[in-house]
DNA sequence: ACCTCTTGTAAGTAATCAACCACTAACATT
DNA sequence: AATGTTAGTGGTTGATTACTTACAAGAGGT
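Chains as they are written, first to last, in this note's numbering: chain A, 104 to 303; chain B, 104 to 303.
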């Protein structure tokens, strides 16, 4: 038999294994057998720690939500200029995706969005919160004249979240062939210079 | 028993049913049973028309590729100003997604990207071609002074494709609560005015 | 009206899925 | 060293998966 671990540790192992496999196999194709093999236990062991597969996904969702929330709070904690806060928010998002490439796929997976209504609403609220942070930063920047006056902060926020999503997709398709954070921040600066209305 | 159709018609029915269900159920969770029920035939009937499920997906891929190609050609056929061609290309993409909401999910599905190497490469080439069209339009616009001189056409193209992807995602999450084409073109015009460096 | 392909079905297959069971080895506490 | 608890196993469940085979019946041409 394998080395035994306290339930909390093993639970974390299982969630981590799922996160790793979700990128390789795909969130909607993962089986409990796949996960068990990755962890190094039998399939039945998964069900000792999570009553059902749906419960396992719920835990995964909670872990992701916590990480994102923490990353955003840290980005906003500095209390620097609104530009810096904005950059921090975007950088945090890019780093989260780089650390867990399955994140976009999971966020849009049917597993979480169709089967688990609670988590779907939770994530929807979470992303709305992120968008609200961006809008707040952009409004502050607008008052300082760092954003063109004819641009609504809401629309600018949409452009920025789209940018992150678009680059993340390109990063995934290109087999992670470049630094997501570096490329993302480069294009962010470009977009910010466009929004400012003057060359960067 | 049901009304019998010529094989070509039934094949098209099956592909259409898959496209419809892919949006509701998810591309990677779709079963041949789901498809058969949607079409209104037995599961075995699917295999009369497609030897394997993978062959069915190949047909779906071909249909999508043809539609996209056709839509792009029509957008470029007008031979108007580069701005109009660009707008046409983006509008075509938005309309394709609106007509077939499962398109983004299918394009990024494991079904097509992991299991079917041929189609994956086919789509990768197709999207590269689209990007090349955008870059060509943007370069022409740059020569006419419609794009700020300090912006590379390649980067501008990335911003625009990201915009389409981002809005499509928002449209999907919001249960198609707004007109994708209208909202997309509105933000496109906004981004173009940013790229031009002068208020729209 | 008949004949003949073609389209469809009913009833299977083996493989795999999530989940359950009785049981046991490892661990902590005493 | 004895005892109770917990993590993990092997074996099995019924449901579901993609796919097959043998047979029936509709539709079109003559």
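Backbone N, C-alpha and C fix where the C-beta goes; we use that ideal spot for every residue, glycine too.
Asked: Please return the same chain residues whose Cβ sits closer than 6 Å to the Cβ of residue 178 (chain A), not counting the five positions on each side in sequence.; Found: 191, 192 and 195
Asked: Among B:274, B:160 and B:124, which one has its Cα closest to the Cα of residue 213 (chain B)?; Found: B:160
Asked: Listing by chain order, which chain A residues have their CB less than 9 Å from the CB of residue 132 (chain B)?; Found: 131, 132, 213, 214 and 217
Asked: Could you tell me the distance, in whole angstroms, from the CA atom of residue 207 (chain A) to the CA atom of residue 107 (chain B)?; Found: 43 Å
Asked: Give the range of the alpha helix (DSSP H) segment to which residue 191 (chain B) is assigned.; Found: 185-202
Asked: Would you tell me roughly how many angstroms separate the C-alpha atoms of residue 246 (chain A) and residue 185 (chain A), rounded to the nearest one?; Found: 10 Å
Asked: Helix or strand or just coil, what does DSSP make of residue 253 (chain A)?; Found: coil
Asked: What are the boundary residues of the alpha helix (DSSP H) that includes residue 110 (chain B)?; Found: 110-128
Asked: Mapping DSSP to helix, strand and coil, what is residue 163 (chain B)?; Found: helix
Asked: Since residue 124 (chain B) and residue 163 (chain B) are thought to touch, with beta carbons under 8 Å apart, how far apart are those beta carbons, to the nearest angstrom?; Found: Wrong, their Cβ atoms sit about 11 Å apart, outside the cutoff.
Asked: With 8 Å set as the bound, which would you pick, yes or no: does the beta-carbon of residue 272 (chain B) sit closer than that to a beta-carbon of chain A?; Found: yes
Asked: Could you have a look at residue 212 (chain A) and say whether DSSP puts it in helix, strand or coil?; Found: coil
Asked: Is it the case that the segment 276-293 of chain A contacts the segment 288-303 of chain B, given that we only count it when at least three CB pairs across the two stretches are under 8 Å?; Found: no
Asked: Let's see if you can read the secondary structure: which residues bound the alpha helix (DSSP H) around residue 247 (chain B)?; Found: It is not in any alpha helix (DSSP H) - residue 247 (chain B) carries neither H nor E in the DSSP assignment.
Asked: Just checking: is the beta-carbon of residue 128 (chain B) within a distance shorter than 8 Å of some beta-carbon in chain A?; Found: yes
Asked: Could you check which residue in B:224, B:198, B:237 and B:232 has the C-alpha nearest to that of residue 187 (chain B)?; Found: B:237
Asked: Do three or more CB pairs link the segment 258-267 of chain A to the segment 265-276 of chain B at distances below 8 Å?; Found: yes
Asked: Would you say residue 227 (chain A) lies against chain B (beta-carbon separation less than 8 Å)?; Found: yes
Asked: Do you know offhand how far residue 222 (chain B)'s Cα is from residue 228 (chain B)'s?; Found: 10 Å
Asked: Taking the straight line between their C-alpha atoms, what separation do you get for residue 204 (chain B) and residue 210 (chain B)?; Found: 11 Å
Asked: Going along chain B, which residues have a C-beta under 8 Å from residue 261 (chain A)?; Found: 269, 270, 273 and 290
Asked: Span of the alpha helix (DSSP H) holding residue 137 (chain B)?; Found: 135-142
Asked: Count the other CB atoms within 10 Å of the CB of residue 131 (chain B); is the residue buried (16 or more) or exposed (fewer)?; Found: buried
Asked: The alpha helix (DSSP H) that contains residue 296 (chain A), what's its start and end?; Found: 283-299
Asked: Can you list, in chain order, the residues of its chain whose CB lies under 7 Å from that of residue 250 (chain A), leaving out five sequence neighbours each side?; Found: 241, 244, 259, 298 and 299
Asked: Might you give, ordered along the chain, the residues of its own chain that have their beta carbon closer than 7 Å to the beta carbon of residue 142 (chain B), omitting 5 neighbours on each side?; Found: 116, 117 and 120
Asked: For residue 307 (chain A), which of helix, strand or coil comes out of DSSP?; Found: Outside the shown range of chain A, which is 104 to 303, sits residue 307 (chain A), and nothing can be said about it.
Asked: Can you list, in chain order, the residues of its chain whose CB lies under 6 Å from that of residue 126 (chain B), leaving out five sequence neighbours each side?; Found: 204 and 205
Asked: Could you tell me the distance, in whole angstroms, from the CA atom of residue 112 (chain B) to the CA atom of residue 109 (chain A)?; Found: 59 Å
Asked: Taking its Cβ as the centre, do 16 or more other Cβ atoms sit within 10 Å of residue 151 (chain B), making it buried, or is it exposed?; Found: exposed
Asked: Between which residues of its own chain and residue 137 (chain B) is the CB-CB distance below 8 Å, once the five residues before and five after are set aside?; Found: 124 and 128
Asked: For residue 155 (chain B) and residue 145 (chain B), what's the separation of their Cα atoms in angstroms?; Found: 15 Å
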